[in-house]
Amino acid sequence: MYSKKFTRLAFGLLADSALKRPLTRNVSSKVKAARSLCSWTVCLHHRQKSQLSNGVTRLNVRSISQSTLDPAEVRKFQAMASKWWDLQGELAALHSMNDLRVPFIRDNLLNVHGVRQLGKPLSGLRILDVGCGGGLLSEPLGRLGADVLGIDPVEDSVRTAELHCSYDPEFRERVRYQACTLEELAEDEAEGFHAIVASEVVEHLADLDAFANCCHQVLKPGGSLFITTINKTNLSYLFGIVAAEQLLRIVPSGTHDWEKFISPEDLERLLESFGFYVEAIRGMMYNPLTGAWSWQQSTAINYALHAVKRKEDPQPDRVWDEKENLEEPGRAKSYS
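Once you know that position 100 of the sequence shown is 119 in the numbering used here, the rest is easy, because the numbers rise by one and skip nothing.
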């Protein structure tokens, strides 16, 4: 018992020290221009013209597998399906993450749509919660007035979410769940949602291209995509896997695969190639001593991202001019 407490203290102090170093750097205009050019050329590379039989030109998205599902990941979460609402159990860190991710989603949506109804600020907005698990994030979004559809390929997790939701009559009309994949839903929900939430999900997917493509399909033009995930750094391996899984047992052992982690730079480039622009990226940190999350300047371990679907697709015939500023207005990002 004492050794575990000592380990928590040691890693808590180490994490605090590592993330408070002056890691954040300002991105120069030349780097921004290079990043914009890279994002633009990625978009050109992956969106190719094809001629229809009637001579009409269309855009083809890059060849992707159209499968976000990783069977190995499904088996992991199948074993966890009954543990979603154990506030002191292996998923306690996800519960406490709501203290950051719910306001992050709410405030960014209010910036776009304004307050719809006092007490229910997200009233009238349709939100898709991808990889909803037991409904840990779907319920608080529904409590804010949003119409929420939570989807998850693990049917036992969906049943757990439905059971917990049934205890509160307030959710009966606003929060629904469905056992399916994102690509299955995309076939029936073209531009049907104001926002998509994928919290602690992308690091478990088989194909991020398919994920981005499906998100673009089901979002309304100008709709928001919210992602929280883990950066691919040495620190994320140390704290996200060695400490969290093997030493502190904050999450079940084997939950994460470091090879599936993605940096904010790479995630931004991927999303931009599918017709999004990134509005904000913020670093996050979990303190094992207090069991609480906090915002950090550094994105070296966890981060939250807000992207917006462009109202018009990028034009592939357009020639990029290095004198142009392709950055979207209002973007304030830094990488560490």
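Every residue, glycine too, gets a C-beta built ideally from N, C-alpha and C.
{"query": "Which of the three DSSP states, helix, strand or coil, is assigned to G153?", "result": "coil"}
{"query": "Do the stretch 184–196 and the stretch 120–137 meet, that is, are 3 or more Cβ pairs less than 8 Å apart?", "result": "no"}
{"query": "Closest to S115 by C-alpha separation, out of H325, V173, G138, M304, would be which residue?", "result": "M304"}
{"query": "T248: buried (16+ other C-beta within 10 angstroms of its C-beta) or exposed?", "result": "buried"}
{"query": "If G294 sits next to H235, beta carbons under 8 Å apart, how far is it from one beta carbon to the other, in whole angstroms?", "result": "5 Å"}
{"query": "Compare the beta carbon distance of V93 and V173 with 7 Å and say whether it is the shorter of the two.", "result": "yes"}
{"query": "Mapping DSSP to helix, strand and coil, what is A205?", "result": "helix"}
{"query": "Report buried or exposed for D148, applying the criterion of at least 16 other Cβ atoms within 10 angstroms of its Cβ.", "result": "buried"}
{"query": "Looking only at its chain, what residues have a beta carbon closer than 7 Å to the beta carbon of E287, apart from the 5 residues adjacent to it on each side?", "result": "V297"}
{"query": "Using the Cα positions of D285 and I320, report the straight-line distance between them to the nearest angstrom.", "result": "15 Å"}
{"query": "What are the residues that DSSP puts in a beta bridge with S243?", "result": "A214, V327"}
{"query": "Just curious, the alpha helix (DSSP H) that S185 is in, first and last residue?", "result": "174–185"}
{"query": "Would you call the CB atoms of T252 and T87 closer than 7 Å?", "result": "no"}
{"query": "What does the alpha-carbon distance come out to for the pair R329 and R191?", "result": "33 Å"}
{"query": "Distance, Cα to Cα, A323 vs R178?", "result": "28 Å"}
{"query": "If you count every other CB in all the chains shown that lies within 10 Å of the CB of R193, and 16 or more means buried, which is it?", "result": "buried"}
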